[in-house]
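J.:
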Amino acid sequence: SSSFSVPASSRTAVCWGAMIGDGTRSWPAAKQVLRPGPKQSLRSKKAEQRSLRWMVITGMVVVWFVSGILVYSLVCGWSTIDCIYMLTQVITTVGYGDLTPFWWDRSNEIMKLFCSTHVLICNLLIAGIVSNLADTILDSISDHAENHMEQAAEKARARHEAEAHHEGPPLIDPKLVSAGGSFGIFLAVWTIFYAVLESCVCEGIDGCSDKDCPNTGGITKSWMDAFYMACITLTTVG
């Protein structure tokens, strides 16, 4: 009988070796080696999941930008450049304060709700992009290490075969959901704080007294004001 030394990564060589080394094997039986195993199937499934995540995130980013530009241009009368400038401040959490969505009407509850929701969605999108990018990098490093570490081949094969029984990574990362829940708790606490304990402020108002803030000209906050303040505080937009 003949013996062959072939690279572990070369399925074609293994297939030909199986045919020549054992004359009882036919080509249809030997070419079963060429079929992708559990490791390749799992990698393909992960790649499809990552591509789907990127498509969803990209679509949501486009919708986020377009909705912001439309609302700010129609309601506030800003130019497209001003809208992009404002959205850039929200993304980077700079918050210069030279442009505010309701500077002419502080009682505009609808705009406060829109701005609060827009800021929160922006943070979720950034978290999704970072999470998906980290998964992509880690998967790439893992694949590279597996291909160049022969001593870990058996362990990696067993791990991938075990993972092949799963449906692949979820579309929404459970850790991201947990982080979002924690952020929601902090958001609720700060909203209650601003609505109950800081419902009226006298800062910068002559003649206003902290002991009788509402009746001495202080600025009172509604629950929507409190929610808005909590959003821009926690997201560091300012």
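Quick note: the sequence shown uses our numbering, first residue 9, plus one each step.
Each residue gets a CB set at the ideal place from its N, CA and C atoms; glycine is no exception.
Just so we're clear, the structure is a prediction, and the values are computed from it rather than from any experiment.
1. Residues in the same chain with beta-carbon distance under 6 Å from N131, minus the five sequence neighbours each way, listed in chain order, please.
2. Quick one: is Y104 buried, meaning 16 or more other Cβ sit within 10 Å of its Cβ, or exposed?
3. List the endpoints of the continuous alpha helix (DSSP H) containing K183.
4. Grab me the residues of V83's own chain with a C-beta within less than 8 Å of its C-beta, minus the 5 sequence neighbours each way, in chain order.
5. In angstroms with no decimal places, state the Cα-to-Cα distance between S75 and I99.
6. Could you please give me the residues that DSSP links to T108 through a beta bridge?
7. Between N223 and F194, what straight-line distance do the alpha-carbon atoms span, to the nearest angstrom?
8. Could you tell me whether the segment 209-217 touches the segment 131-149, where touching means 3 or more Cβ pairs closer than 8 Å?
9. How many whole angstroms separate the CB atoms of M68 and Y80, which I take to be in contact at a CB cut-off of 8 Å?
10. Do G226 and C239 have their CB atoms nearer than 8 Å?
11. In angstroms with no decimal places, state the Cα-to-Cα distance between A126 and W62.
12. What's the C-alpha gap between F201 and D220?
13. Which same chain residues, not among the five before or five after I1, have their C-beta less than 7 Å away from its C-beta?
14. So, helix, strand or coil for C216, using DSSP?
15. Taking only the alpha-carbon atoms, compute the straight-line gap between G189 and P182 and give it to the nearest angstrom.
16. Taking 6 Å as the limit between beta carbons, can you name the residues of its chain near A234, skipping five residues before and five after?
T.: Based on what the coordinates show:
1. Mapped onto the sequence shown, residue 131 falls at position 123. T243.
2. Within the sequence shown, residue 104 is the residue found at index 96, counting from 1. Burial call: exposed.
3. The residue given as residue 183 occupies position 175 in the sequence shown. Element bounds for K183: 182-200.
4. If you number the sequence shown from 1, residue 83 lands on position 75. Cβ within range, chain order: P109, M119.
5. Position 67 of the sequence shown, counted from the first residue, corresponds to residue 75. Position 91 of the sequence shown, counted from the first residue, corresponds to residue 99. Rounded to the nearest angstrom, the two C-alpha atoms are 14 Å apart.
6. The residue labelled residue 108 in the question sits at position 100 within the sequence shown. Answer by DSSP bridge pairing: none, since T108 is not bridged.
7. Along the sequence shown, one-based indexing puts residue 223 at 215. Along the sequence shown, one-based indexing puts residue 194 at 186. Their Cα atoms are separated by approximately 31 Å.
8. no
9. Mapped onto the sequence shown, residue 68 falls at position 60. Mapped onto the sequence shown, residue 80 falls at position 72. So it is not a contact: roughly 18 Å between Cβ atoms.
10. If you number the sequence shown from 1, residue 226 lands on position 218. If you number the sequence shown from 1, residue 239 lands on position 231. Going by C-beta atoms, G226 is not nearer than 8 Å to C239.
11. Here the question's residue 126 lines up with position 118 in the sequence shown. Here the question's residue 62 lines up with position 54 in the sequence shown. The amino acid occupying residue 126 in the given sequence is His; Ala does not appear at that position. Cα-Cα distance, rounded: 20 Å.
12. The residue given as residue 201 occupies position 193 in the sequence shown. The residue given as residue 220 occupies position 212 in the sequence shown. Roughly 19 Å between the two C-alpha positions.
13. In the structure displayed, the chain extends from 9 to 246; residue 1 sits before or after that span and is not available.
14. Working through the sequence shown from its first residue, we reach residue 216 at position 208. Three-state result, C216: coil.
15. Position 181 of the sequence shown holds residue 189. Position 174 of the sequence shown holds residue 182. Their Cα atoms are separated by approximately 11 Å.
16. Your numbering for residue 234 matches position 226 in the sequence shown. So the qualifying residues of the chain are T199, Y202, A203.
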